[in-house]
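Those protein sequence lines, which keep their order, are chains X and A. Residue 97 in numbering that gives the first Met the number 0 is what sits at position 98 of the first sequence, and the numbering runs on without skipping anything. Residue 480 in numbering that gives the first Met the number 0 is what sits at position 481 of the second sequence, and the numbering runs on without skipping anything.
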Amino acid sequence: MIRTILTQAAAAILATGLAHAQDFPAGSVDYIIPFGPGGESDITARLQQPYFQDLYGEQMVISYQPGGGGAVGWAQLNGMAEDGTVIMGINLPHIIVKPKQGNVGFETEDLAAVYWFHYTPDAILVRADSEIETLDQLIEQARANPRQVIFSGSGKGSANHLAQLQFDEMADIETTYVAFDGTGSAVTALLGGQVTAEWGYTTVGSGQGDEVRMLAVAMEERHPAFPDVPTFKEQGYDLVSGAYRGIAVPQDASEEVKQQVSDAIAAINADPEFQQKMIDGGFAMADVPYGEEMDAFMAEKAEEYLPAAREAGIIE
Amino acid sequence: MLDFMANAISPFNLLLALLGVAAGTIIGSIPGLTATMAVAVLVPLTFTMSPDSALILMGAIYTGAIYGGAYAAILLNTPGTPSAIATTFDGYPMAKRGDGDLAVTIACLSSVFGGLVGALALLFLAPPLARAALAFGPVEYFWLAVFGLSLIAAVSTGDFLKGVIGACFGLLIATIGVSETSAEVRFTFGSRMLLGGVETVSALIGLYCIPVLIDLVATPDRHLDEAGGGMRGFRLLEAGRVMLQNGVNVLRSSVIGTMVGALPGAGGSIAGLVAYSEARRNGRGVEKYGEGNPGGIVATESANNATVGGGFIPTLVLGIPGTPPDAVILGALLVQGVRTGPTLFQGSADIVYTFIFGLLLATVLMLPVGLLIGRFAYGAILKAPKAALVPVVAFMTVIGTFAIRNNVSDIYIMIVLGVVGWLAAKRGFGASPIVLGLILGSIAEQGFVQSWTIGSAIGDLWGQFFGRPISLVIIALTVLSFLYPFWPQIRRIAGRSDDATPADMVDRPRAGGRMVAWDLLGFAVFGAVAALVLVQSAGLNPEAAVFPRTIATVMVVVVVASVAKLMLTRHVTGEPVRGSLIRSASVPAAMLLAAALIPLAGFALAAALLGAVLTVPAQHESFSRRGWIFLLGSVLAVVLGVVLLFDLGLNVPLP
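#1: Quick check on the burial criterion: 16 or more other C-beta atoms within 10 angstroms. Buried or exposed for asparagine 245 of chain A?
#2: Where do the ends of the alpha helix (DSSP H) carrying arginine 146 of chain X lie?
#3: Which residue from A:Ala132, A:Leu565 and A:Ala516 puts its Cα closest to that of serine 184 of chain X?
#4: Counting only Cβ pairs nearer than 7 angstroms, list the residues of chain A close to glycine 280 of chain X.
#5: How is the alpha helix (DSSP H) around methionine 554 of chain A delimited, first residue to last?
#6: Counting only beta-carbon separations shorter than 8 angstroms, does proline 501 of chain A have a partner in chain X?
#7: For valine 533 of chain A, decide whether its Cβ has a neighbour in chain X, counting only Cβ atoms nearer than 8 angstroms.
#8: Let me confirm a value: asparagine 281 of chain A is counted as buried when at least 16 other C-beta atoms fall within 10 Å, else exposed. Which label applies?
#9: Is there a Cβ from chain A that is less than 8 angstroms from the Cβ of glutamate 310 of chain X?
#10: Measuring only between beta-carbons, confirm whether arginine 191 of chain A sits less than 8 angstroms from chain X.
#11: Mind checking alanine 580 of chain A: buried by the 16 CB within 10 Å criterion, or exposed?
#12: Based on Cα-Cα distance, which residue from X:Lys276, X:Pro49 and X:Glu220 lies nearest to valine 28 of chain X?
#13: Establish whether the CB of lysine 99 of chain X and some CB of chain A are separated by less than 8 angstroms.
#14: How about glycine 16 of chain X: is its C-beta nearer than 8 angstroms to some C-beta of chain A?
#15: Are the C-beta atoms of leucine 46 of chain X and some chain A residue less than 8 angstroms apart?
#16: Report all residues from its chain with a CB closer than 6 angstroms to the CB of tryptophan 115 of chain X; omit the five preceding and five following residues, and keep chain order.
#17: With DSSP run on the structure shown, which of helix, strand or coil describes alanine 39 of chain A?
#18: Can the beta-carbon of glycine 308 of chain A be found less than 8 angstroms from the beta-carbon of leucine 121 of chain A?
#19: Using the Cβ count rule (16 or more neighbours within 10 Å means buried), how would you classify alanine 636 of chain A?
#20: Kindly provide the ranges of any alpha helix (DSSP H) runs that are 4 or more residues long and lie completely inside the region 114-196 of chain X, ordered along the chain.
#21: Would you report the Cα separation of proline 92 of chain X and leucine 305 of chain X, rounded to the nearest angstrom?
#22: For glycine 88 of chain X, decide whether its Cβ has a neighbour in chain A, counting only Cβ atoms nearer than 8 angstroms.
#23: Going by the DSSP bridge assignment, what does isoleucine 246 of chain X pair with across the sheet?
#24: Nearest by alpha-carbon distance to asparagine 658 of chain A: which of A:Glu277, A:Leu115, A:Ile489 and A:Leu215 is it?
#25: Using a Cβ cut-off of 8 angstroms (strictly closer), state whether lysine 276 of chain X contacts chain A.
#26: Using a Cβ-Cβ cut-off of less than 7 angstroms, list which residues of the region 381-413 of chain A approach chain X; keep chain order.
#27: Here's the rule: buried if 16 or more other CB atoms are within 10 angstroms of the residue's CB, otherwise exposed. What is leucine 643 of chain A?
#28: Considering valine 586 of chain A, what are the terminal residues of the alpha helix (DSSP H) in which it resides?
#29: Is aspartate 498 of chain A helix, strand or coil by DSSP?
#30: Rounded to the nearest angstrom, what separates isoleucine 94 of chain X and valine 71 of chain X at their Cα positions?
#31: Report the rounded CA-to-CA distance for threonine 314 of chain A versus arginine 624 of chain A, giving the unit in angstroms.
#32: Any beta-carbon of chain A closer than 8 angstroms to the one on glycine 56 of chain X?
#33: When every heavy atom of the ligand NAP is checked, does at least one fall within less than 7 angstroms of the C-beta of aspartate 89 of chain A?
#34: Scan the region 409-483 of chain A and note each continuous alpha helix (DSSP H) run of 4 residues or more that stays entirely inside, going in chain order.
#35: Measuring alpha carbon to alpha carbon, tell me which residue in X:Glu132, X:Gly235, X:Ser240 and X:Tyr200 is nearest alanine 224 of chain X.
#36: Can you find a C-beta in chain A that's less than 8 angstroms from the C-beta of aspartate 167 of chain X?
In structure tokens form, the structure reads like this:
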């Protein structure tokens with residue numbers, strides 16, 4: 000009896016002590032995904048959810064505000080609560096490329112990105128029974144039959160599409176890219192033999208297992224879940240790319256709030272169990288925190304995406 | 000196998016299945032709350048469960064929601080979920096004539112049957128069906144959408160050409176916003192409100208439900224006829240007889256539902272439309288399809304519930320979601336560490352089979368649960384005085400529309416489309432062709448642009464569109480379905496019919512100058528829309544422009560043809576405007592005001608005001624003071640109760 004009281008008291012003191020050390024968060028946190036449920040943004044948010052609750056003892060409530068390929072949510076972010084109780088998922092290349100495609104209600108600079116926590120590396124995949132075994136064979140076939148090597152991919156002006164454009168230029172080939180409305184339908188087209196190959200993500204390799212063969216992944220090093228799949232770099236093409244996912248807060252949030260949210264996402268990212276779950280799902284970890292690192296990263300990405308998109312006529 | 004079955008009927012799983020079906024049915028019955036949302040809300044709850052229990056709960060709520068969509072379709076002419084669109088075609092006419100109870104029971108029996116067929120296919124035929132679904136490429140999806148559009152002929156109220164114009168209008172509305180295939184911003188006219196496009200479910204609510212509300216307040220007539228003198232039980236025997244008469248129909252529709260469900264990305268709305276189309280073509284019965292033939296409900300409801308099991312086929316076998324709710328379930332499983340896809344059936348067979356038996360169980364439980372809730376829903380709508388029904392339903396359309404993607408703009412779009420739908424219906428342009436266009440637009444466009452890209456790359460456009468065997472089958476069915484309504488005329492022209500002249504070929508009265516002028520105005524408006532699209536698409540890149548330009552061109556041609564026909568025959572279709580225009584106008588006006596109030600005063604206050612204000616135009620008899628207090632009190636109680644439920648129970652971030 001006494002022991003229980005003592006432990007409870009100790010726990011209470013510990014809890015208040017922690018609460019004093021960090022007045023973040025000010026309550027339950029609304030995590031808005033500017034897409035519908037079931038996509039990569041949703042899944043990774045769901046993976047973060049329990050770790051946030053463990054770390055901060057507050058609920059993280061995920062809601063969806065889809066429309067315009069994310070634009071509807073992003074255009075509204077700056078009108079929301081600035082105390083760190085509202086955070087929103089952001090994606091690359093979307094938030095850099097979209098505003099250049101027309102009036103989408105926001106500019107890249109309007110979004111206060113505070114952390115990029117992972118990315119899905121681009122990868123070329125073929126069906127397991129395809130005659131194409133290596134990247135070189137694919138290039139050879141594309142040289143012999145210009146435009147006739149057809150890729151499925153998720154979206155136009157997306158990571159998959161920009162990778163296709165960049166790689167075509169690097170390898171000096173001409174291929175055809177067919178945009179689908181998501182990874183699911185792009186994979187369906189691949190498995191159904193409607194296309195030669197897919198510009199997809201490493202997550203597809205995780206999901207499809209033996210049904211598909213990854214020819215190369217666009218990472219600095221090989222993906223831990225696929226030690227046998229070479230990188231583009233190893234094969235002589237300097238292609239490191241993918242779709243990054245991160246967190247933004249309303250622009251007028253204080254520097255302190257921005258830093259606190261950044262720290263919170265970093266703390267989740269540091270959990271080894273979380274990392275393992277992400278890697279098993281085919282994701283790759285990224286750690287770009289708020290501050291100078293973020294500014295440099297965004298500048299570098301803009302320089303990478305915009306010329307490629309301009310050349311392909313996606314933007315003016 | 001027996002182990003898995005025993006596992007599925009453990010008391011805990013049984014309870015989950017029961018709760019899931021009941022909750023799903025209620026959620027699905029509310030327009031705006033879709034099966035996808037019902038499942039998404041549950042996801043955090045399932046993290047504390049074992050994967051098989053989580054799957055059973057999500058499967059149960061999903062299947063319940065698909066069935067629940069039938070209530071609003073039958074009783075309010077508003078599909079609760081997009082899957083129930085075709086249920087409105089015959090369900091609402093049945094309810095109007097006093098057979099709403101029978102319609103709800105038929106929907107329940109059909110849903111259970113379809114659900115069982117889908118789940119059994121999942122149990123026994125999953126791998127081969129998943130492989131077969133992969134044979135469907137972009138071209139086949141395109142032709143499938145065109146097949147869905149062939150229903151225009153059936154759902155046009157009186158004038159086929161007006162139906163085509165309406166469908167083109169719907170197809171064009173579907174292209175507003177950021178294009179899925181070219182990522183270009185189209186037809187938003189710089190408005191941020193249109194950036195996200197016209198959300199399908201909110202458009203359905205507007206086009207179907209708002210006209211019903213407007214017409215409800217206009218006259219003192221009852222909403223539904225009370226032919227049998229009130230509640231007559233479940234009418235199970237009668238419903239059973241209908242099911243027996245529709246034996247072939249229910250089997251065919253369940254199979255169609257299973258197969259369409261297994262096609263990733265097609266989903267329940269297309270399954271219901273395809274099954275309805277086939278049932279109509281093969282249909283016999285006293286009532287015509289579209290005028291209250293129970294066969295229409297049987298076809299749609301068995302098909303859409305069959306998509307639940309069917310949709311799980313690619314989800315579990317290929318790791319590719321068959322329908323939108325499946326995408327959420329797939330994500331939830333991934334978070335739990337269960338890998339779906341090729342390895343699942345080998346690696347985690349216990350989870351899969353326990354789940355499938357759980358789904359079968361939930362479907363069976365839907366029979367008693369669905370009948371009971373259905374009876375309650377029918378009673379509530381039948382007995383509610385108009386002055387309570389109108390404000391509550393109007394409020395539900397507002398909150399339901401907001402909840403779809405937590406966006407106030409969608410409420411405005413919904414109301415405006417509702418008024419457009421009402422006006423169009425008065426001029427003989429029914430809502431259903433517009434809805435067909437809207438629902439099938441993005442699938443048709445994506446399939447078309449993708450096939451075009453592939454066809455140009457391989458240098459064989461003709462072969463791509465017309466050279467693939469599955470495509471040819473769908474094209475043949477489409478042609479049959481388009482021609483079917485004109486069969487009597489075709490036979491007569493061929494000179495082989497001894498029938499008396501069909502009713503619709505009797506000399507129709509020639510309309511007066513004023514009516515003709517009104518009809519001309521209607522055509523002029525739609526012609527102007529098409530012209531605007533043609534002008535606007537000039538500035539788009541070819542990929543973004545090809546589809547809207549083609550549709551707008553067709554629309555212009557049909558408008559010109561219609562005007563020519565009108566001048567020749569002077570035959571006008573349309574509905575008369577009945578009752579008080581002021582009362583009618585007050586419904587959308589009050590709703591627009593409430594939408595404008597939401598950001599200023601918050602959702603609860605705006606909703607309460609909307610509810611209170613709308614009791615006035617909806618009330619036709621004089622009322623005692625006590626009556627008013629009771630009425631206002633109950634309307635406000637329902638409104639605030641639902642606001643709380645959405646806010647706390649469903650985590651909808653209401654402003």
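In this text, a Cβ means the ideal position worked out from N, Cα and C, and glycines have one as well. Since this is a predicted model, take the numbers as computed values, not measurements.
A quick look at the data gives this:
#1: buried
#2: Looking at the DSSP string, arginine 146 of chain X is not in any alpha helix (DSSP H), and its letter there is neither H nor E.
#3: A:Ala132
#4: Leu333
#5: 541-568
#6: Reliability of the predicted coordinates at proline 501 of chain A is poor, the pLDDT of 46 falling under 50, and the value obtained from them is presented with this limitation in mind. No, proline 501 of chain A does not count as interfacial toward chain X.
#7: A small correction: the amino acid at residue 533 of chain A is leucine; valine does not occupy that position in the sequence shown. Leucine 533 of chain A does not count as touching chain X.
#8: exposed
#9: no
#10: yes
#11: The question names alanine, but residue 580 of chain A in the sequence shown is leucine. It is exposed - the Cβ of leucine 580 of chain A has fewer than 16 other Cβ atoms within 10 Å.
#12: X:Pro49
#13: no
#14: Note that glycine 16 of chain X scores 43 on pLDDT, short of 50, meaning its location in the model is unreliable and no value can be drawn from it.
#15: yes
#16: Tyr243, Gly245, Ala285 and Val287
#17: helix
#18: yes
#19: exposed
#20: 134-143, 158-170 and 182-190
#21: 9 angstroms
#22: no
#23: X:Gly88 and X:Tyr114
#24: Because chain A spans 0 through 654 in this model, residue 658 of chain A falls outside it and cannot be assessed.
#25: yes
#26: Arg404, Asn405 and Asn406
#27: exposed
#28: 580-600
#29: Because aspartate 498 of chain A sits at a pLDDT of 49, beneath the cut-off of 50, its placement in the model cannot be relied upon, and the point is left open.
#30: 12 angstroms
#31: 58 angstroms
#32: no
#33: Summarising the ligand content, the structure contains no ligands, and the ligand NAP is consequently not present.
#34: 430-457, 460-465 and 468-482
#35: X:Tyr200
#36: no
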